[in-house]
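Asker: Numbers 23 to 107, taken from our numbering, label the letters of the sequence shown in order.
Glycine residues also receive a C-beta, built at the ideal position from the N, C-alpha and C atoms.
Submitted below is the structure of interest, expressed as structure tokens.
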Amino acid sequence: MKRIRLGNTIDIVWEIFLGKDKDKGKYDLTGKKLTIYLVSAFDRIKISDFTTEFNVLRFTFEGKDQKHQGRYQLTFVENEGGDDT
Numbered sequence: 023m024k025r026i027r028l029g030n031t032i033d034i035v036w037e038i039f040l041g042k043d044k045d046k047g048k049y050d051l052t053g054k055k056l057t058i059y060l061v062s063a064f065d066r067i068k069i070s071d072f073t074t075e076f077n078v079l080r081f082t083f084e085g086k087d088q089k090h091q092g093r094y095q096l097t098f099v100e101n102e103g104g105d106d107t
């Protein structure tokens, strides 16, 4: 885990794979309805400005938007609130 000082802008690049084993294949995100959240102990921030390129999610967490120190986790939801089709 990388430590980053509060207030520094962070470029986040996240590769999504099928299962825990990267050899099983990359998960194609193209054309899917995705919602991305950046979650801390104090906050849950919905990321609205992100891009996808096949199995890679990219966004920037601006230093001016950072309010809390500590660990963060990323959560991505596919088809949030929709049918499981």
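Is K46 helix, strand or coil when you go by DSSP?
Answerer: Note: K46 maps to helix in three-state DSSP.
Asker: Considering only the alpha carbon of each residue, which of G104, V99, Y59 lies closest to L51?
Answerer: Cα-wise, what sits closest to L51 is V99.
Asker: Smallest Cα separation from D36: which of E102, N101, F72?
Answerer: What sits at residue 36 in the sequence shown is Trp, not Asp. Out of E102, N101, F72, F72 has the C-alpha closest to the C-alpha of W36.
Asker: Between S70, F76, T57, D105, which lies nearest to T97 when the distance is taken from Cα to Cα?
Answerer: Looking at the Cα atoms, T57 is the closest of the given residues.
Asker: Quick check: what's the CA-CA separation for D87 versus G41?
Answerer: Approximately 32 Å, taken between the alpha carbons.
Asker: Going by DSSP, what residue range makes up the beta strand (DSSP E) through Y109?
Answerer: Here the chain has residues from 23 to 107 only, and residue 109 is not among them.
Asker: Between which two residues does the beta strand (DSSP E) carrying L115 extend?
Answerer: Residue 115 lies beyond the range of the chain shown here (23 to 107); nothing can be said about it.
Asker: Quick one: what's got a C-beta closer than 8 Å to Y109's C-beta in the same chain, skipping five residues either side?
Answerer: Because the chain spans 23 through 107 in this model, residue 109 falls outside it and cannot be assessed.
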